[in-house]
Structures are given as structure tokens and as C-alpha cells.
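Chains as they are written, first to last, in our numbering: chain Z, 203 to 877; chain H, 273 to 375. Reading through the C-alpha cells given below for one structure.
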Amino acid sequence: MAVLEINKLRSDIAAAGAKWVARDPGSTEPRATGWQPTPSALLRTAQANAARLKTTRLAAVFGGTAALPTVAADGGVAGGPAGGPGRPAAFDWRTKGVIGPVTDQERCGSCVSFATTGLVGAMAAIEHGGNSVALSQSDQHFNSSHGPNCGGWNNGDSLGQMQSRGVVGFEDETYAQGFDSPPQLDPSYPPSQDIWQARARTIANRPRKAYTIMDISSWGGDDRKTYLANVGPLVCGFTVYDDFQSYGGGVYSHVSGAVDGGHAVMVIGYDDNEQCWICRNSWGAGFGGPARADGTGAGFFKIKYGQCDIDGEDFFGAQGIIEPASLNWGGWWPIQGGIAASNTSVFGVSRSTDKLDIFSIGTDHGSYTAAWQPGDAHWGGWWRVQNGLVAPCTSITGVSRSADKLDIFGIGTDNKVYTAAWQPGDTTWGGWWSVANGLSVASNTSVFGVSRSANKLDIFAVGSDHGIYTAAWQPGDAHWGGWWRVQNGLAAPNTSITAVSRSADKLDIFAVGSDQHIYTAAWQPGDANWGGWWPIQGGIAAPGTSVFGVSRSADKLDVFCVGTDMQVYTAAWQPGFTSWRGWWAIGHFKAAPGTSVYAVSRTTDRLDIFAVGEDHGIYTASWQPSQTQWSAWSRILDGAVAPSTMVTAVVRSANHLDVFAVGTDGHVYTAAWQP
Amino acid sequence: MVMGMAAIETVAIHGEAGVPVALPVARGPATGYQWSLSLPAGVSQVADGPAVPPPPGQHLGAASGAALSVVATPGVYRITATLARPWEPDKPARTVVIVLTVQ
Numbered sequence: 203m204a205v206l207e208i209n210k211l212r213s214d215i216a217a218a219g220a221k222w223v224a225r226d227p228g229s230t231e232p233r234a235t236g237w238q239p240t241p242s243a244l245l246r247t248a249q250a251n252a253a254r255l256k257t258t259r260l261a262a263v264f265g266g267t268a269a270l271p272t273v274a275a276d277g278g279v280a281g282g283p284a285g286g287p288g289r290p291a292a293f294d295w296r297t298k299g300v301i302g303p304v305t306d307q308e309r310c311g312s313c314v315s316f317a318t319t320g321l322v323g324a325m326a327a328i329e330h331g332g333n334s335v336a337l338s339q340s341d342q343h344f345n346s347s348h349g350p351n352c353g354g355w356n357n358g359d360s361l362g363q364m365q366s367r368g369v370v371g372f373e374d375e376t377y378a379q380g381f382d383s384p385p386q387l388d389p390s391y392p393p394s395q396d397i398w399q400a401r402a403r404t405i406a407n408r409p410r411k412a413y414t415i416m417d418i419s420s421w422g423g424d425d426r427k428t429y430l431a432n433v434g435p436l437v438c439g440f441t442v443y444d445d446f447q448s449y450g451g452g453v454y455s456h457v458s459g460a461v462d463g464g465h466a467v468m469v470i471g472y473d474d475n476e477q478c479w480i481c482r483n484s485w486g487a488g489f490g491g492p493a494r495a496d497g498t499g500a501g502f503f504k505i506k507y508g509q510c511d512i513d514g515e516d517f518f519g520a521q522g523i524i525e526p527a528s529l530n531w532g533g534w535w536p537i538q539g540g541i542a543a544s545n546t547s548v549f550g551v552s553r554s555t556d557k558l559d560i561f562s563i564g565t566d567h568g569s570y571t572a573a574w575q576p577g578d579a580h581w582g583g584w585w586r587v588q589n590g591l592v593a594p595c596t597s598i599t600g601v602s603r604s605a606d607k608l609d610i611f612g613i614g615t616d617n618k619v620y621t622a623a624w625q626p627g628d629t630t631w632g633g634w635w636s637v638a639n640g641l642s643v644a645s646n647t648s649v650f651g652v653s654r655s656a657n658k659l660d661i662f663a664v665g666s667d668h669g670i671y672t673a674a675w676q677p678g679d680a681h682w683g684g685w686w687r688v689q690n691g692l693a694a695p696n697t698s699i700t701a702v703s704r705s706a707d708k709l710d711i712f713a714v715g716s717d718q719h720i721y722t723a724a725w726q727p728g729d730a731n732w733g734g735w736w737p738i739q740g741g742i743a744a745p746g747t748s749v750f751g752v753s754r755s756a757d758k759l760d761v762f763c764v765g766t767d768m769q770v771y772t773a774a775w776q777p778g779f780t781s782w783r784g785w786w787a788i789g790h791f792k793a794a795p796g797t798s799v800y801a802v803s804r805t806t807d808r809l810d811i812f813a814v815g816e817d818h819g820i821y822t823a824s825w826q827p828s829q830t831q832w833s834a835w836s837r838i839l840d841g842a843v844a845p846s847t848m849v850t851a852v853v854r855s856a857n858h859l860d861v862f863a864v865g866t867d868g869h870v871y872t873a874a875w876q877p
Numbered sequence: 273m274v275m276g277m278a279a280i281e282t283v284a285i286h287g288e289a290g291v292p293v294a295l296p297v298a299r300g301p302a303t304g305y306q307w308s309l310s311l312p313a314g315v316s317q318v319a320d321g322p323a324v325p326p327p328p329g330q331h332l333g334a335a336s337g338a339a340l341s342v343v344a345t346p347g348v349y350r351i352t353a354t355l356a357r358p359w360e361p362d363k364p365a366r367t368v369v370i371v372l373t374v375q
């Protein structure tokens, strides 16, 4: 019988010794108005806990040595995986204010999409602060690979779609918009099953609206509780029996009735004292009766561990919620048909306010430049910079040592460092000139330079012996000076040395050492020799990545790298610090192997970083002093880069960002942001 | 969301005395909605018909498809099937009147 006789059910519950209550059919109890989660300050601790879980549970995470914040447990520690973080005896994410309101799938088998969108919306709140994000269940269920029908699905595939295509916000397609108005029965199912007909909808400008996820994980055993207590909610599947429909509070366990079908819900907590999972259902806020002090009712329920085949498959989690890009981004625009050689990146400079000059290596390995300035309808270029030929797998970098002057640096096919220069009045570029005759550089590296004060140039390269070298030029010098070895530093293969001038005439350089640890060295006027190399807080970088830094205001340094777990980390130093601080993971973001993170400061103390994701998409995140944490990562429109290239950026004037990338088709593209 | 099918449907079916008859109402996905039967004297509900296995990878939210079944003695019966959530009995989503003729 589909609907159980209530007295029989109560008798069965008592006979089974179960600890739940069967609700009166047609009960006159007041209808629930929904759970009102306790407002609370949102969870910086959750983010730190998530990082801690990863550093202690996963072997290859950033060397396991990074100084991560420690977090007080939310209660008595009840164990957890050996060597892993603890967990309290009970935990409920509602106490953190991150669980969205109870939703209603109505007469459609879309429970998986209700559970997974609920999960991702809650994770957005946990990772970025604020409230749960309402996501579109109909976009997830009907517009995805699942297809426009009310049939079942599974949690893993649903999250996979969230990772590959994303899901738009609820306001971009409400659940009702997934059906006719009023809804009709789907003729492809027998009418006896009473299943609504769903519709696939086209959502205008969808790439600009989609939330995506970086990581999907699946968890079994007690790891589920550890994850719940330290990272976030999960989704699960279980078998619904007739008696579940009469649930009216307590810890549910199956006692009678036939199988109704498989069902997915969001798991928001657990309670070892009651031996149960705490779940949010998607059958409206009336399910389970009114909200009770024990946290059941109003759409929420507790189910005994191991019941109803709930252990039949792993629980799934999602991390690294990527938000839609700001509408202020424009692009990606191809730059004059330019095609770059493989494994090269495009770097640019702003030689004076609002002017952009970029440099790329063509498929013929010639060096090329293109330029834009206000008033130009299109980019100018590409112009060949003399006859310079550049070695494979390197990039051309540039510096503007004073207003409107350009100096660029590249590695020739003979593996020597060359430079070329241009300034107003020149009809052609000067160069290529060999820099200080002589350093043979390591393959797959580039030369980076900086102007520490007007018209002075300092450049840094990795020698073929993997030693780290510098050369310098300033007005009055007939030739470049150098190459001088910077202490005894040795760089890891396929990495470059980057530099920052944090105030006039000061130089700070960053390297990934041959032991993959991250090091810095410094020089300032009066120093007879470079200071360093000092390791930065035990940080270890992923193979083939370099460390880029930026000075967001006088004498402050912020550096960024990809850790061995492929997450993006930052460390900082400023006057008064006795040592570097960090490393802090920036959100939960996974970078593509062999890529680096580029950073700029578009106004005082503001940081913007750019990285290539695992999917080769182009992502950005930002920080400013008024923020307690970094912004969410967002994808810059639908841009994607070619393998082994990185995205770079230029600040051409305050609050204007221009980013450059070699696309998957080898063409050079740009995108821009302005307020 | 309100579905525009408030009208009561009527369906006529036939059966043999003592042999289970599958009614034209079946288990859909697990959504909280359930069919309940108002059975006249002479008719009793028996185990559901066979469930339809869900396609691979679609087990969560799939309809069971098992038809509700009854047995009856000879006669003509009027069975009312109501689709509602147990906690919302006053808000039926659908009502089907089944005229069952048993020989």
C-alpha cells in the first residue's frame, strides 16, 4: 500500500524500537514556515579547516609544511582519521548559517539536482562568505547532459556537469521555468506515474552567469563525518520506503512499507550521540512537520547510520566554487590575427598612462610587438622587432624604464640573452643587442627585468648551470654590466627568476630552488652583495612553475605560487615583519600543471591575480584591505589558454586591467576590466 | 507551482475475481507524493506490480513504476485514487476515479 495506515506504522515503529515519530496524516499541526538558521559570523574557520584537512590527509600537499591557521574545534574532539583533524561528536552546518532554505522538487525526479545545487550553494557561502547561493535546479537537471526530463540521475554525474558546464543562478532560470505553465504530464512516461514534462531552455549569455566547481570528492566511512565537520556539506543517495513519507521527527529507520525509489538529499551534519546523519530534503518545508528543537521537521530529517542503503555509495563533496565573472569584464578579443609559437606567453607593459604594448613570439620564432592607446579603434601591429629570433619555449618580457620608453628581453636561439629598445622618435626598434656577452641560459626559462628607478634596468636569468644571474644598465653605461651570480642560488628546471622593486632602488627577486622550495634574495643601495637566499616560510612549489610577486604599496611585498597540490598560495612581507608570513591558500582553486600565477596591483594596496585553471580556463581573484579574505575566484568569460602558457596582466591606469593570453588556437587574445 | 489538471479523471478497467488487477496508478519518483486508494467493500489492496529497474546511472529520482494492485470479488466497483503528500491531504495533486468491473 502506498500510503501506510498510521496506527499500524506506529505499532511497527514501536515494535522495531525505532526512534522516530510517524506524523498524523492530515495533521492539524501548523504548517512549517521553514527552518530559520541561526545567524552567525561566517566561517573563516571552515576555510582554514578545509586547508588543514587537506594538508594533513593528502600526502602531496604543499610539502605539508606550510603554516596554516589552526582552528578551534566546534566541540569535543571525537577522533577522526589517524593524523587527521578531529571532529566533534555532532555537527550541523545550519549553525553556521550557510544552508539555504528548504526547496521543493514537486512532481519530478530531480532530487539529485536539488541536492547538488544545494551543496554547491552552501559551499559558496562557506568558501566566500555570505549566504548560500540559490542555484537553478532546472538548469542543472534539464539543460545539462541529463536532458529535459524528470527521470533520475546520480550525484557524481551531476557534480561532473557542474564542473564542466556550471550552473546558473536561480534567478536566471527558476524551477518553474523548467516546465510548461501550468506543468503538464510527460507523455513519454505512463500517465499512471504522474511525472511532469520538463523543458530545456536556452539561457542568454550563459557563460557569464555560470557557477562552476573545481573539485569533486567522494567519501565513505567516518571520513564523511570528518569532512562534514571540517569542510562542508555532502550529498548522498538512499532508498525511500513508504514509511519515510510519514516521518514526523526523531531518527528515522525503516520499519515498514514497500520501496518507493532512490532519492538524493544534502547531508548537512551528523550526530554520533543519536547515531544519525542530519539531512535537508527537497520535498518542501512541510515534510517532517514543523521545525523542532532537535533540528528535525520543516524539511529536515535525521536518518540512522547505515539505514536504507545510505552506505551503498559514497557521499559526494564539492569544493572550489568559481563565481561568474564580473560584468565589467570585456573580451576576449583576438589581437590582429597574431599567432604565437607554442609554449610561449604574452607579456606587456604600460609605458605611460593608458598605453599598452605587448610582446609575443611568432610561429617563425621572430619577436613581435603590438600596441594600443586611447583613440585607437584597433590594436596596431604586429610589428617584427628587428630580426631577432627567439629560442623555443621562452617568452619575451618588457620593462618601461621611464615614460614612453620600452626595453624588451629575450633568449636567442644561441641561448644568450638579448635586448631591444624603443623610445619616442625612433622609427624602428634598436637591437637586438647581446646583454653583457655571454650568459648561456637554461632552456625553457625567460628573462625578467625591473626598473628600480628612472631609466635603470636590472634583469635576472637562470644560467645553463642553473645558477641565478643578474645584469644591469643605467644611463651613462656604455654597456650592460654583468652577469653577476646572485649568491649561490640554484633554480629548479623550467623555472624563471622574477623581480619586484618595492621602492626606489630596492630589488627583491624570487626563485624556485632546485629543492622546489621558494626563495627570495634582496639588494638595496649600500649593499656590497645581494642578501639571501632566504626560504619563504617553507613553501614548496609545483614543478615547472615560477613565483611572481608584486608591491602593492611602498615596501610591501606579496608573492604568489602554485603549491604541490596545485592550489594557489600567497605569502607577504612588509616592514616590521621579522619574517615572511603565509603561506595562505587562496580559496580552493586548482591550477594547470606548469603554469604560474601572475599578480598586479591596480591601486594602492589592492591585489589582482590571474591563473590558469585545471581546465585551462582563465581565472582571477582579488584582495583589498577592507576584505577579510580573498574574493571568490571567477572565470574571465570563456577564455582558455594553450598548454604550458600563462595569463599575464597590465595595469594601464588606476583600476584598469588588461589581460593577455595565448588561446587554445594559438592566437593572442586580450580581455579588459574597468569599473 | 500549480498543475492545470484539477479535473477528476475517470478510467474504466476490467479484471477477474481473485486475480490481482493493476490499477492505472503507479509509483512515480520519490517526491513525497503518493497515491492513496479509497476502496469499497469487496476490494482489497495487494502487493504492487513489478517495479521497472532504473536505467544505469539514473537510480536516484527514478520512478519505480510499480502499479498499485487490488483483488476483488465479482461486481462493479468505484475506486478513488488520490495523489497527494501525506502531510498535505487537503491538497491532492490528482484524483482518478477507477471503475473496476470484475467477472
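Idealized CB from N, CA, C, for every residue including glycine.
Query, Result
"Could you tell me the distance, in whole angstroms, from the CA atom of residue 604 (chain Z) to the CA atom of residue 637 (chain Z)?", "20 Å"
"Taking beta-carbon pairs under 8 Å, can you tell me which members of the region 450-475 of chain Z lie near chain H?", "460, 461, 462, 463, 464, 465 and 466"
"Which residues in the same chain as residue 874 (chain Z) place their Cβ atom closer than 8 Å to its Cβ, once the five residues preceding and following it in sequence are excluded?", "531, 532, 533, 858, 859, 860 and 861"
"Evaluate contact between the region 698-715 of chain Z and the region 759-768 of chain Z, counting only Cβ atoms and requiring at least three cross-stretch pairs below 8 Å.", "yes"
"If distances are taken between C-alpha atoms only, which option among Z:776, Z:622, Z:358 and Z:341 comes closest to residue 350 (chain Z)?", "Z:341"
"Counting only beta-carbon separations shorter than 8 Å, does residue 350 (chain Z) have a partner in chain H?", "no"
"Closer than 7 Å, Cβ to any Cβ of chain H: which residues of the region 860-876 of chain Z, in chain order?", "none"
"Smallest Cα separation from residue 211 (chain Z): which of Z:444, Z:731 and Z:422?", "Z:444"
"Could you compute how far the alpha carbon of residue 377 (chain H) sits from the alpha carbon of residue 513 (chain Z)?", "In the structure displayed, chain H extends from 273 to 375; residue 377 (chain H) sits before or after that span and is not available."
"If you compare alpha carbons, which of Z:376, Z:699, Z:643 and Z:601 is closest to residue 658 (chain Z)?", "Z:601"
"Is it the case that the Cβ atoms of residue 331 (chain Z) and residue 417 (chain Z) are separated by a distance below 8 Å?", "no"
"What number of angstroms, rounded off, separates the C-alpha of residue 495 (chain Z) from the C-alpha of residue 802 (chain Z)?", "50 Å"
"Run through DSSP, which three-state label would residue 301 (chain Z) get?", "coil"
"Which runs of the beta strand (DSSP E) spanning at least 3 residues fall entirely within the region 322-369 of chain H, listed in chain order?", "339-344 and 347-356"
"What would DSSP say about residue 657 (chain Z), mapped onto helix, strand or coil?", "coil"
"Can you check the region 482-565 of chain Z for any beta strand (DSSP E) of at least 3 residues that lies completely inside it and give the ranges in chain order?", "502-506, 517-524, 531-541, 549-551 and 558-563"
"Is it right to say residue 647 (chain Z) is buried, meaning 16 or more other beta carbons lie within 10 angstroms of its own, or is it exposed?", "buried"
"Shorter than 8 Å from the beta carbon of residue 512 (chain Z) to some beta carbon of chain H?", "no"
"Run through the region 628-714 of chain Z for me and flag every whole beta strand (DSSP E) of 3 or more residues, listed as ranges in chain order.", "632-636, 650-652, 659-664, 669-675, 683-692, 700-702 and 709-714"
"For residue 448 (chain Z), which option in H:357, H:293 and H:350 has the closest C-alpha, if you only look at C-alpha atoms?", "H:357"
"Could you check what DSSP says for residue 281 (chain H) in three-state terms: helix, strand or coil?", "strand"
"Thinking residue 669 (chain Z) and residue 683 (chain Z) are a contact (beta carbons under 8 Å), I'd like their distance in whole angstroms, please.", "About 17 Å; that fails the 8 Å criterion."
"In the DSSP assignment, find the unbroken alpha helix (DSSP H) run with residue 365 (chain Z) in it and report its ends.", "357-366"
"Cβ atoms of residue 223 (chain Z) and residue 451 (chain Z): under 8 Å apart, would you say?", "yes"
"What's the gap between the Cα of residue 326 (chain H) and the Cα of residue 336 (chain H)?", "8 Å"
"From Z:702, Z:609 and Z:831, pick the residue whose C-alpha is nearest to that of residue 633 (chain Z); which is it?", "Z:609"
"Identify which residue in Z:361, Z:644, Z:561 and Z:597 has its Cα closest to the Cα of residue 631 (chain Z).", "Z:561"
"To the nearest angstrom, how far is the alpha carbon of residue 805 (chain Z) from that of residue 300 (chain H)?", "58 Å"
"Any residues in the region 384-407 of chain Z with a beta carbon nearer than 8 Å to a beta carbon of chain H? Which ones, in chain order?", "384, 385, 386, 387, 391, 392, 393, 394, 395, 396, 397 and 398"
"Below 8 Å between beta carbons is the criterion; list the residues of the region 305-326 of chain Z that meet it against any residue of chain H, in chain order.", "307, 308, 309, 310, 311, 312, 313 and 314"
"Let me make sure I understand the geometry here. Which of Z:360, Z:557 and Z:214 has the alpha-carbon closest to that of residue 414 (chain Z)?", "Z:360"
"Grab the span of the alpha helix (DSSP H) containing residue 748 (chain Z) for me, first residue to last.", "Unbroken run through residue 748 (chain Z): none, as it is neither H nor E."
"Between the alpha carbons of residue 393 (chain Z) and residue 358 (chain Z), how many angstroms are there, rounded?", "30 Å"
"Buried or exposed for residue 469 (chain Z), going by 16 or more other Cβ atoms inside 10 Å?", "buried"
"Quick one: is residue 297 (chain H) near chain A, going by C-beta distance under 8 Å?", "The question asks about chain A, but that chain is absent: this structure's protein chains are Z and H."
"Taking the straight line between their C-alpha atoms, what separation do you get for residue 473 (chain Z) and residue 455 (chain Z)?", "15 Å"
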